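What follows is a single structure, written as structure tokens, with notes after it.
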Amino acid sequence: QVQLQQWGAGLLKPSETLSLTCAVYDGSFSGYFWDWIRQPPGKGLEWIGEVNHSGGTSYNPSLKSRVTISVDASKNQLSLKVRSVTAADTAVYYCARGWQQLVLSSWGQGTLVTVSS
Amino acid sequence: QSVLTQAPSASGTPGQRVTISCSGSRSNIGSNFVYWYQHLPGTAPKLLIYRNSQRPSGVPDRFSASKSGTSASLAISGLRSEDEADYYCAAWDDSLSGVVFGGGTKLTVL
Chain A
14 QVQLQQWGAG
24 LLKPSETLSL
34 TCAVYDGSFS
44 GYFWDWIRQP
54 PGKGLEWIGE
64 VNHSGGTSYN
74 PSLKSRVTIS
84 VDASKNQLSL
94 KVRSVTAADT
104 AVYYCARGWQ
114 QLVLSSWGQG
124 TLVTVSS
Chain B
759 QSVLTQAPSA
769 SGTPGQRVTI
779 SCSGSRSNIG
789 SNFVYWYQHL
799 PGTAPKLLIY
809 RNSQRPSGVP
819 DRFSASKSGT
829 SASLAISGLR
839 SEDEADYYCA
849 AWDDSLSGVV
859 FGGGTKLTVL
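First to last, the sequence lines map onto chains A and B.
Under our numbering, residues 14 to 130 are what the first sequence spells out, in order.
Under our numbering, residues 759 to 868 are what the second sequence spells out, in order.
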């Protein structure tokens, strides 16, 4: 399976902007669904949003006002920005790729983001 | 509170068959496909089942799933110690216009 590589700041203060990037190195970027999913400590998986195979975006309604997911096809990169973070945004964040919606067969390694003053 | 409801825990002994259930509503499971993921601590989730009952290549046929109405279930037969993990169901929700996950079921192999 294709490996996705993700990176970004792991420690943020409240009100800052979370920024993560996810890259695929096998050249296969277009035509897939790209998702961000997170897992807060001790809790279950939470869907953040996705970019579909046509470039359209969908977001979790509870996060929509603070989240932007975008792609840079020239760099084969996906990005996530979450504005005005609070402690509730502390989680392991994953990027994932699928050939169809929710058929997420390739995942990043996960990035722990901690929000603390 | 998750939109899809799963029992928080399940258990079985090696060789047994266990079933994990996922309950939703007409706007999610009742109208759309169900997907199942296996998640071991410290690793990325792994797709087990897509489109209600399809297994990706490489997933053993010990794993099977079905959907009926607004509920779905994942069955694991011939339980093995390496199956000990958290299992999540997921589906698109038409009312929310987004993906919803179940709260997860922690499977313990006794």
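Every residue, glycine too, gets a C-beta built ideally from N, C-alpha and C.
In this text the structure is predicted, and so the values were computed from the model without any measurement.
Status (buried if at least 16 other CB within 10 Å, exposed otherwise) for residue i
{"i": "residue 839(B)", "result": "exposed"}
{"i": "residue 88(A)", "result": "exposed"}
{"i": "residue 15(A)", "result": "exposed"}
{"i": "residue 38(A)", "result": "exposed"}
{"i": "residue 759(B)", "result": "exposed"}
{"i": "residue 843(B)", "result": "buried"}
{"i": "residue 85(A)", "result": "exposed"}
{"i": "residue 17(A)", "result": "buried"}
{"i": "residue 56(A)", "result": "exposed"}
{"i": "residue 23(A)", "result": "exposed"}
{"i": "residue 20(A)", "result": "exposed"}
{"i": "residue 69(A)", "result": "exposed"}
{"i": "residue 117(A)", "result": "buried"}
Spatial distance of residue i from residue j (CA atoms)
{"i": "residue 90(A)", "j": "residue 99(A)", "result": "26 Å"}
{"i": "residue 72(A)", "j": "residue 805(B)", "result": "21 Å"}
{"i": "residue 791(B)", "j": "residue 762(B)", "result": "13 Å"}
{"i": "residue 32(A)", "j": "residue 95(A)", "result": "7 Å"}
{"i": "residue 810(B)", "j": "residue 50(A)", "result": "20 Å"}
{"i": "residue 114(A)", "j": "residue 775(B)", "result": "29 Å"}
{"i": "residue 771(B)", "j": "residue 833(B)", "result": "14 Å"}
{"i": "residue 122(A)", "j": "residue 850(B)", "result": "24 Å"}
{"i": "residue 765(B)", "j": "residue 777(B)", "result": "11 Å"}
{"i": "residue 788(B)", "j": "residue 815(B)", "result": "26 Å"}
{"i": "residue 110(A)", "j": "residue 773(B)", "result": "33 Å"}
{"i": "residue 125(A)", "j": "residue 822(B)", "result": "32 Å"}
{"i": "residue 846(B)", "j": "residue 101(A)", "result": "21 Å"}
{"i": "residue 796(B)", "j": "residue 817(B)", "result": "11 Å"}
{"i": "residue 53(A)", "j": "residue 76(A)", "result": "14 Å"}
Contact check, residue i vs residue j, beta carbons under 7 Å
{"i": "residue 30(A)", "j": "residue 92(A)", "result": "no"}
{"i": "residue 836(B)", "j": "residue 820(B)", "result": "yes"}
{"i": "residue 802(B)", "j": "residue 865(B)", "result": "no"}
{"i": "residue 46(A)", "j": "residue 59(A)", "result": "no"}
{"i": "residue 856(B)", "j": "residue 74(A)", "result": "yes"}
{"i": "residue 127(A)", "j": "residue 103(A)", "result": "yes"}
Paired residues, beta bridge with residue i - DSSP
{"i": "residue 93(A)", "result": "33(A), 82(A)"}
{"i": "residue 19(A)", "result": "35(A)"}
{"i": "residue 784(B)", "result": "Paired residue(s): none; residue 784(B) is not in a bridge."}
Residues that residue i contacts on chain B, provided the C-beta gap is smaller than 9 Å
{"i": "residue 49(A)", "result": "The premise fails here: residue 49(A) is roughly 11 Å from chain B at the closest Cβ pair, so nothing lies under 9 Å."}
Beta-carbon neighbours of residue i, restricted to chain A and to distances below 9 Å
{"i": "residue 817(B)", "result": "Correct list: empty, because the minimum Cβ distance to chain A is about 10 Å."}
Listed by chain order, chain A residues near residue i by CB distance under 8 Å
{"i": "residue 856(B)", "result": "60, 62, 71, 72, 73, 74"}
Chain-ordered neighbours of residue i on chain B, where CB pairs are closer than 7 Å
{"i": "residue 117(A)", "result": "805"}
{"i": "residue 123(A)", "result": "802"}
{"i": "residue 114(A)", "result": "850"}
Closer than 7 Å at the beta carbon, the chain A residues around residue i
{"i": "residue 861(B)", "result": "57"}
{"i": "residue 814(B)", "result": "118"}
{"i": "residue 846(B)", "result": "57, 58"}
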